[in-house]
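Same order as they appear, the protein sequences are chains A and B. Mapping to our numbering: the first sequence position 25 is 408, numbers consecutive. Mapping to our numbering: the second sequence position 165 is 441, numbers consecutive.
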Amino acid sequence: MPSRDILLVDDEPDIRRIGQLTLERLGGHRVRLAASGPEALDALRTAVPEVVLLDVMLPGMDGPTTLQAIRKLPCAVPVIFVTAKVQRHEVEQYLAAGALGVIKKPFDPLGLPGEVEALLTGSKRP
Amino acid sequence: MIAPPIPSNEVARLAALEASGLKSRLIDPALDEEVQLAALLFDVPMATVSLVDADRQLFRSAIGLSNGTPRAISFCGHAIIQPDRTLVVGDAHEDERFHDNPLVTGNPNIRFYAGHPIVDRSGHALGTLCVLDRQPRQPTPQQLGALAMLARRIGERVQLDGERRSAESREVEVRRALTDLAQRNDMARAIEAGTQVAIVSTDAEGLLRTVNAAAERLLGSPAAALVGKRRLEQLFAVSERMPADEEERWRVLTGPLQGTTTHRGEAHLHHATGQQFAARYSLSRVSSAVLDGYVAVLEDIEGQQALERYKDELLGTVSHELRTPLTTIRGSLGLLESGVLGPLSGESLEVVALARQGSERLIRLVDDLLDLEKVGNGRMPLDRRSCEAGQLVEQALQAVRGAAEHAGVELVSEPPAATLKVDVDPDRIVQVLTNLLGNAVKFSPRGGRVLLRFGRQGGRVRFAVVDQGPGLTDAQQAQLFRRFARVEPLDGRPRPGTGLGLAIVRALTEQHGGLSGVESVRGAGSTFWVDLPESPMRDPAETQQLIAALRAEFAADLPRRVEEVLAESRRALTDPEARQAAVRAAHRLHGTAGTYGFARVSTACAAIEELLGRPTVEETALQELLTRLEGSLAD
Numbered sequence: 384m385p386s387r388d389i390l391l392v393d394d395e396p397d398i399r400r401i402g403q404l405t406l407e408r409l410g411g412h413r414v415r416l417a418a419s420g421p422e423a424l425d426a427l428r429t430a431v432p433e434v435v436l437l438d439v440m441l442p443g444m445d446g447p448t449t450l451q452a453i454r455k456l457p458c459a460v461p462v463i464f465v466t467a468k469v470q471r472h473e474v475e476q477y478l479a480a481g482a483l484g485v486i487k488k489p490f491d492p493l494g495l496p497g498e499v500e501a502l503l504t505g506s507k508r509p
Numbered sequence: 277m278i279a280p281p282i283p284s285n286e287v288a289r290l291a292a293l294e295a296s297g298l299k300s301r302l303i304d305p306a307l308d309e310e311v312q313l314a315a316l317l318f319d320v321p322m323a324t325v326s327l328v329d330a331d332r333q334l335f336r337s338a339i340g341l342s343n344g345t346p347r348a349i350s351f352c353g354h355a356i357i358q359p360d361r362t363l364v365v366g367d368a369h370e371d372e373r374f375h376d377n378p379l380v381t382g383n384p385n386i387r388f389y390a391g392h393p394i395v396d397r398s399g400h401a402l403g404t405l406c407v408l409d410r411q412p413r414q415p416t417p418q419q420l421g422a423l424a425m426l427a428r429r430i431g432e433r434v435q436l437d438g439e440r441r442s443a444e445s446r447e448v449e450v451r452r453a454l455t456d457l458a459q460r461n462d463m464a465r466a467i468e469a470g471t472q473v474a475i476v477s478t479d480a481e482g483l484l485r486t487v488n489a490a491a492e493r494l495l496g497s498p499a500a501a502l503v504g505k506r507r508l509e510q511l512f513a514v515s516e517r518m519p520a521d522e523e524e525r526w527r528v529l530t531g532p533l534q535g536t537t538t539h540r541g542e543a544h545l546h547h548a549t550g551q552q553f554a555a556r557y558s559l560s561r562v563s564s565a566v567l568d569g570y571v572a573v574l575e576d577i578e579g580q581q582a583l584e585r586y587k588d589e590l591l592g593t594v595s596h597e598l599r600t601p602l603t604t605i606r607g608s609l610g611l612l613e614s615g616v617l618g619p620l621s622g623e624s625l626e627v628v629a630l631a632r633q634g635s636e637r638l639i640r641l642v643d644d645l646l647d648l649e650k651v652g653n654g655r656m657p658l659d660r661r662s663c664e665a666g667q668l669v670e671q672a673l674q675a676v677r678g679a680a681e682h683a684g685v686e687l688v689s690e691p692p693a694a695t696l697k698v699d700v701d702p703d704r705i706v707q708v709l710t711n712l713l714g715n716a717v718k719f720s721p722r723g724g725r726v727l728l729r730f731g732r733q734g735g736r737v738r739f740a741v742v743d744q745g746p747g748l749t750d751a752q753q754a755q756l757f758r759r760f761a762r763v764e765p766l767d768g769r770p771r772p773g774t775g776l777g778l779a780i781v782r783a784l785t786e787q788h789g790g791l792s793g794v795e796s797v798r799g800a801g802s803t804f805w806v807d808l809p810e811s812p813m814r815d816p817a818e819t820q821q822l823i824a825a826l827r828a829e830f831a832a833d834l835p836r837r838v839e840e841v842l843a844e845s846r847r848a849l850t851d852p853e854a855r856q857a858a859v860r861a862a863h864r865l866h867g868t869a870g871t872y873g874f875a876r877v878s879t880a881c882a883a884i885e886e887l888l889g890r891p892t893v894e895e896t897a898l899q900e901l902l903t904r905l906e907g908s909l910a911d
C-alpha cells in the first residue's frame with residue numbers, strides 16, 4: 384500500500400485521534416487533522432493532500448457544504464465522506480455532489496486504510 | 277316374633293318419605309285431627325301416624341304413645357307391605373308375628389292393632405294411620421272403612437303439601453333469581469358508569485342508545501345530547517379511512533363484522549369542542565333480548581401516540597449519541613488488538629478481543645434501534661425500484677454465508693422457474709432477508725439446512741426461510757415480532773442478538789406494503805416469510821406471458837360471468853329494482869372482456885348495458901342481445 388498524505392476532518396477529537404492512529408500505524412500514511420469545514424479549507428490552502436476524509440455532520444459548515452467550498456479551490460483533491468448517514472439516497476447525493484466515495488461510520492479501524500485505498504484506486508465502486 | 281319384611285320398592289319408598297316432609301315435621305299440624313278422629317272412632321287409648329323409616333318407625337301426632345320404636349318390632353312395618361289393605365291384629369297374644377313382641381309383652385302392652393297404610397300418589401306406603409288398644413278387639417267393617425278413609429286423606433294432604441312446598445320453593449327461587457338479576461343489572465350499570473372505558477351502544481341502524489360516563493367524557497358531550505340523536509358513524513371524523521359520506525362510513529365500520537366477530541380499528545373521533553383526536557375502537561354486533569344492535573368500545577390514543585413519538589425520538593437521539601463514542605471504543609480496541617501500538621500478552625489480547633466484540637454488539641444494537649426508529653417514524657424513505665428477486669436473495673445469502681459456514685449450516689435457495697421482480701428498496705429487503713437468514717442459521721443445529729424459497733403467492737412474492745431449528749410455540753410466534761421480544765428457545769440454548777431483528781423485518785416489510793409472519797411446529801422447525809409487492813415493470817416477453825396467463829384465466833371464468841349477466845338481465849325484465857344490478861354486471865364484464873380482447877362479449881355487454889339503461893326495456897330486443905352474449909362465448 385503506498386504511503387499517502389491524508390487530511391482527516393472530524394469535529395470529534397476522539398474520532399480524529401483514532402482515525403489518525405489507524406491510518407498512520409496500520410496504513411503507514413501521513414495524516415493531518417482538521418476539526419471543522421473552515422479548518423479543512425485552511426489546511427488545503429497550505430498543502431494539498433492526496434485525499435480528504437470528510438465527516439458529514441459537522442457543526443456550522445457541514446460536510447457537503449465544505450465539499451462545495453473545496454471544489455472552488457484550485458485543487459482537484461478527491462474527497463471521501465465518512466458518515467453514519469449511508470442510506471442509498473444519501474449516498475447518491477454525496478456522489479452527485481462530487482464525492483469519490485463513502486466510508487460508513489463507525490468504521491472498522493483495521494479495515495479503514497484498505498477502504499480508503501480501494502476507493503482511491505477505483506477497485507471499489509460505491 | 278316375626279320381624280317385618282322389607283318392601284320391594286324400599287329405596288324409592290324411603291326417598292318418597294324423605295321428600296314428603298313428614299319426617300322433618302314440616303307437615304301441617306292438622307294431622308292431629310285425623311289421629312284424634314281415629315282414636316274416637318275405635319274408642320282406643322292409643323292412635324298415631326307412624327312413619328316407617330329405614331331403621332325406626334316414627335310417631336307423629338301420637339296419642340298415648342311415645343316418639344317411636346325400632347322398625348324391627350313395629351306393627352306398622354308389617355302393615356305397609358300391602359299398601360291398599362288395613363292390617364288388623366285382633367289379639368296380639370294369638371298372633372305368631374307379635375305374641376312375644378316387646379311392645380306386646382311390655383309397655384305399651386299392645387293387644388289390638390289396626391293400621392291402614394298412608395300412600396302417596398306414586399303408590400309408596402310411607403307409614404300408617406293406626407289405632408291400638410291394651411285389650412283385644414274386633415273392629416266393625418264401618419270402623420275399618422273409616423280408618424282407611426282417614427289414612428287416604430292424610431296421603432292426599434301429604435301430596436298436596438309436597439306440591440305446595442315445591443311451588444313455594446320454586447317461587448322463592450324465581451324471586452331470588454330476579455333479585456340476583458336486578459342486582460347484577462345494577463352492577464353492570466355501575467360498572468358501565470364507573471369504568472374508565474368508554475362504551476356506547478346503538479340500535480341495529482346505528483342510532484346511539486347508551487353512552488356511558490367515560491364515553492361522555494371522551495366525546496365531551498352529555499349522553500342526553502347523543503342518545504337517540506346521533507348515529508355511531510357521526511362520532512367519527514372524516515379521514516383517509518373514514519369517507520365523507522355517512523352511509524359509507526357506516527359500511528367501513530360495520531362491513532368487516534361477520535357473525536359474532538369484533539372489528540377493531542383506529543380512526544379519529546369528534547370531540548364536542550370541534551377538535552379531533554386519535555382513537556382506537558372495537559365494534560361488536562350484539563343480538564340479545566336486551567339489545568339488538570352494536571356495542572363500541574372507544575379509547576383515546578392521542579396521548580399514547582404522542583408518547584410513542586416521544587419515545588421514538590428519544591431512542592433515536594440516544595442511539596445517535598452512542599454512535600460516536602462507540603466508534604472510538606471499537607477503533608481503539610481494534611488498534612490494540614492489531615498489535616501496531618505494541619504487542620499484547622496472551623491474556624491482555626484475550627480481554628481486548630472480548631471488549632472489541634462487546635463494542636461491536638453494541639454498535640449492532642444501536643444500528644437496529646436507529647433503523648427501527650426511522651422506519652417507525654416513516655423517516656426511512658424507501659428507494660423503490662424493480663428488483664430481481666433472485667439477485668436480492670443472492671446478496672442476502674452472501675451476507676450470511678460466513679456465519680452459516682461457521683455454524684456448520686447448509687444454505688440452500690429454491691428459486692422459481694420464471695424470473696420474478698419485486699417493487700422494493702433493494703437495500704432494505706436484503707436487510708430483511710439477511711435478518712431472517714441470520715436467525716435461521718443461529719437457531720439451526722450443526723449439520724442443519726436453511727432453505728430460502730421464493731415465488732408468487734396471492735398476488736405478491738413470498739420469500740420464505742425454512743429452518744430445522746427447535747420450532748416455536750404458538751405463544752412465542754405471537755410475540756416474536758415485537759421489539760426486544762426475546763423468546764426462550766425450545767432447545768434451551770440462548771442465542772446472542774438484539775431482540776430487534778424481527779421487529780425491523782416487520783416494520784420494513786409493512787413500509788413496503790407487505791406482510792410478514794411465521795409458521796412453526798414445535799420440534800419441526802420454523803418458516804419465516806415476507807410477502808412483498810410484485811413489480812409491475814416487466815420485460816416485453818414477460819408481459820406477453822402474463823397477459824396470456826391472465827387471458828386464459830379470464831376465459832376460464834367467462835361462462836360464469838356471462839351467466840351472471842344473463843341471470844341479472846332476465847331478472848331485470850320483471851323486477852325494475854334489479855335493473856341497476858344487471859347494468860352493473862354488464863358494465864363490469866364489458867370492461868374486463870374488452871381489456872382481454874374478448875370483443876364479441878364486450879360488444880354484447882355494452883349493448884345490454886345501454887338497453888337496460890333506457891326507461892323502458894323491450895323484451896324481444898333484450899332476449900336477442902342475451903342470445904348474442906351467450907353465443908359470444910364461442911370466441
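Every residue gets a Cβ at the ideal spot worked out from N, C-alpha and C, and that includes glycine.
- Of the other Cβ atoms in all chains shown, fewer than 16 fall within 10 Å of the Cβ of K455 (chain A); this residue is therefore exposed.
- Looking only at B:L334, B:E690, B:L420, B:R660, the smallest Cα-Cα distance to L313 (chain B) is reached by B:L420.
- Along the stretch 462-496 of chain B, none of the residues has a CB nearer than 8 Å to a CB of chain A.
- Among the bridge pairs identified by DSSP, V485 (chain A) is matched with A:F464.
- Neighbours of P657 (chain B) across chain A, judged by C-beta separation under 8 Å: Q470, H472.
- In the structure shown, the three-state DSSP call for E395 (chain A) is coil.
- Within 10 angstroms of the beta-carbon of L728 (chain B) lie 16 or more other beta-carbons, which makes it buried.
- DSSP, read as helix, strand or coil, puts F830 (chain B) in helix.
- Along the stretch 403-431 of chain A, the positions whose C-beta sits under 8 Å from a C-beta of chain B are L404, T405, R408, L409, read in chain order.
- By the rule that beta-carbons nearer than 8 Å mark a contact, D703 (chain B) touches chain A.
- In this structure R599 (chain B) touches A467 (chain A) by the C-beta definition: roughly 6 Å separates them, less than 8 Å.
- A check of alpha carbon separations from Q674 (chain B) across B:T710, B:R660, B:P746, B:R347 identifies B:T710 as the nearest.
- Contact between H392 (chain B) and T345 (chain B) does not hold, since the beta-carbon distance rounds to 19 Å and is not under 8 Å.
- The DSSP assignment places 413-417, 434-438 as complete runs of the beta strand (DSSP E) inside the stretch 403-458 of chain A, in order along the chain (cut-off: 3 residues).
- Judged by beta-carbon spacing, R837 (chain B) lies beyond the 8 Å limit of L808 (chain B), meaning their Cβ atoms are not closer than that value.
- In the assembly as shown, Q667 (chain B) is an exposed residue. Its beta-carbon has fewer than 16 other beta-carbons within 10 Å.
- Taking all protein chains in view, the Cβ of Y586 (chain B) is surrounded by fewer than 16 other Cβ atoms within 10 Å, so the residue is classified as exposed.
- Take the alpha-carbon of S326 (chain B) and the one of N383 (chain B): they are about 17 Å apart.
- Annotation for G666 (chain B): the continuous alpha helix (DSSP H) segment containing it runs 665-683.
- Contact of E395 (chain A) with chain B is assigned, a C-beta pair being separated by under 8 Å.
- Shortest Cα-Cα distance from D371 (chain B) to any of B:Q358, B:D360, B:I386 involves B:I386.
- From the listed residues B:V841, B:S720, B:P702, B:P852, the smallest Cα separation to T903 (chain B) is found for B:V841.
- Spatial neighbours of V528 (chain B) in its own chain (CB-CB distance under 7 Å, excluding positions within 5 residues in sequence) are listed in chain order as R517, M518, P519.
- Look at H547 (chain B) here: in three-state DSSP terms it is coil, with no helix or strand label.
- Taking CB atoms only, V616 (chain B) has a neighbour in chain A less than 8 Å away.
- According to the DSSP assignment, G438 (chain B) belongs to no beta strand (DSSP E) but to the alpha helix (DSSP H) extending over 417-470.
- Fewer than three pairs of CB atoms, one per stretch, sit closer than 8 Å, so the stretch 689-702 of chain B makes no contact with the stretch 773-782 of chain B.
- The residue among B:H544, B:G496, B:A499 with its C-alpha nearest the C-alpha of S515 (chain B) is B:H544.
- Contact of G607 (chain B) with chain A is assigned, a C-beta pair being separated by under 8 Å.
- With distances taken between CA atoms, E886 (chain B) lies nearest to B:S845 out of B:G907, B:S845, B:E523.
- Taking N343 (chain B) as the centre and dropping the five residues before and after it, the same chain places the C-beta of L334, F335 closer than 8 Å to its C-beta, in chain order.
- For R332 (chain B), the pairing in a beta bridge is given by DSSP as B:P346.
- When C-beta distances to chain B are compared with 8 Å, the residues of the stretch 472-491 of chain A below that value are H472, K488, P489, F490, D491, in chain order.
- Looking at the DSSP output, W805 (chain B) sits in a beta bridge with B:A740, B:G793.
- Taking 8 Å as the cut-off, the beta carbon of D329 (chain B) is found closer than this to the beta carbon of L293 (chain B).
- For A501 (chain A), no Cβ of chain B is located within less than 8 Å of the residue's own Cβ.
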